[in-house]
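Worksheet: one structure, shown below.
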Amino acid sequence: MNTLDIRTVDVVQYLQPLREGGSMPAIVKADDDFLYVLKFRGSGQGKKSLISEFIGGELARAIGLKVPELVFMNLEDSFRQTEPDEEIQDLLKFSVGLNLGLHFLSGAITFDPLISTADAMTASKVVVLDSLISNIDRTAKNANLLYWHNELWVIDNGASFYFHHNWETWESHLTRTFPFIKDHVLLQQATALSEAAAEIQKFITLEKITEIVTKIPEDWLTSESDILNADEKRAAYIKFITTKLSMIDVLVKEAEDAR
12 MNTLDIRTVD VVQYLQPLRE GGSMPAIVKA DDDFLYVLKF RGSGQGKKSL
62 ISEFIGGELA RAIGLKVPEL VFMNLEDSFR QTEPDEEIQD LLKFSVGLNL
112 GLHFLSGAIT FDPLISTADA MTASKVVVLD SLISNIDRTA KNANLLYWHN
162 ELWVIDNGAS FYFHHNWETW ESHLTRTFPF IKDHVLLQQA TALSEAAAEI
212 QKFITLEKIT EIVTKIPEDW LTSESDILNA DEKRAAYIKF ITTKLSMIDV
262 LVKEAEDAR
């Protein structure tokens, strides 16, 4: 099994905000000379969306989906001082420290459900994975998929695991199905759901889940307002994913019925 090696880079240049994203990510340059889409810890959903983005992205990669490289990105306070836009100034101020970056896919085009297609297995893997991680944000309105070099790339998993916005009730989500799958942008093309589920079970093992969750920066898991500490949250993410995997047949049937 490939060990998960997440690089940490420093932001050296803030280039431009991506205003189409609700959390206003930005294109930045890092000290490795690559460009990244930077997801800010100081955005509306904060560190929780970074955790969702990270776990969702690495699970997608583990099952063979195309995902841009994810890196941890250090942001210093100096960028705020040269930024004229007050809204961006605030975002930079509250995002000093460790953020998440996705390798920028230059020239990629947004997936358009009216003209874009995905092969049945790829579409099915995305649908089943999004059911497992309760990703409510892969709809025709906002596909969060890109085409790059004639391949489908999965981005933006930040709306997954929405149970973590209220830790007091998180266990009530464990046995729920995912009716939102009826709105999934790839549902009609996902004609190999059972085969995709079998593939996912092969690659998303307890070891792989634990490896991914262990890599979440401690700092992202600490919050004075939450009732769980960092270790308890890690255990919760692992339990959530393994519980969903144990009911994958139910989730597949729900998606098939929705089709």
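For the sequence shown, the working numbering gives the first residue as 12, with consecutive numbering after it.
Note that beta-carbon positions come from the ideal geometry of N, C-alpha and C, so glycine has one too.
Fair warning: this is a prediction, and the values are worked out from it, not measured in the lab.
At least 9 Å separates the beta-carbon of Arg-52 from that of Trp-181. Cα atoms of Asp-88 and Asp-96: separation of roughly 15 Å, rounded to the nearest angstrom.
In this structure, Ile-144 lies near Ile-252, with their beta-carbon atoms less than 9 Å apart.
Asp-237 and Trp-178 do touch by the CB rule: their CB atoms are close to 5 Å apart, below 8 Å. An exposed status is given to Asn-240, since fewer than 16 other beta-carbon atoms sit within 10 Å of its beta-carbon. Around the beta carbon of Thr-133, a 10 Å sphere encloses 16 or more other beta carbons of the protein chains shown; the residue is thus reported as buried.
As summarised for the region 162-218, the continuous beta strand (DSSP E) elements at least 3 residues long and confined to that stretch are 162-165, given in chain order. Look at the region 47-92 and you find these whole runs of beta strand (DSSP E), each 3 residues long or longer: 81-86. In the displayed model, Leu-143 falls within a helix according to three-state DSSP.
Look at Leu-111 here: in three-state DSSP terms it is strand. The beta-carbon distance between Leu-197 and Val-137, rounded to whole angstroms, is 5 Å. This is short enough to meet the 8 Å contact definition.
For the options Asp-260, Ile-227, Val-261, Ile-259, the alpha carbon positioned closest to that of Ala-247 is the one of Ile-227.
Per DSSP, reduced to three states, the secondary structure at Ile-223 is helical. Around the Cβ of Ile-126, a 10 Å sphere holds fewer than 16 other Cβ atoms; the residue is exposed. The alpha-carbon separation between Glu-235 and Asp-130 amounts to approximately 45 Å.
With respect to Ser-63, Ser-54 sits apart: the two C-beta atoms are not nearer than 9 Å. In this structure, DSSP gives Leu-102 a helical state, which the three-state scheme calls helix. Three or more Cβ pairs drawn from the region 67-85 and the region 15-23 lie within less than 8 Å of each other, which places the two stretches in contact. Straight-line spacing of the CA atoms in Glu-98 and Val-39 works out to 17 Å. Here Gln-100 has Arg-91, Glu-94 as same chain residues with Cβ atoms under 8 Å from its own Cβ, once five neighbours each way along the sequence are excluded. DSSP, read as helix, strand or coil, puts Ala-37 in strand.
Relative to Thr-202, the option among Trp-159, Ala-154, Val-139, Gly-118 whose CA is nearest is Val-139. Shortest Cα-Cα distance from Arg-187 to any of Lys-50, Leu-204, Phe-174, Leu-103 involves Phe-174.
It is roughly 27 Å from the alpha-carbon of Asp-141 to the alpha-carbon of Pro-28. The residues Ala-119, Ile-120, Phe-122, Ser-127, in chain order, have a CB closer than 7 Å to that of Tyr-158 in the same chain once the five nearest residues on each side in sequence are set aside.
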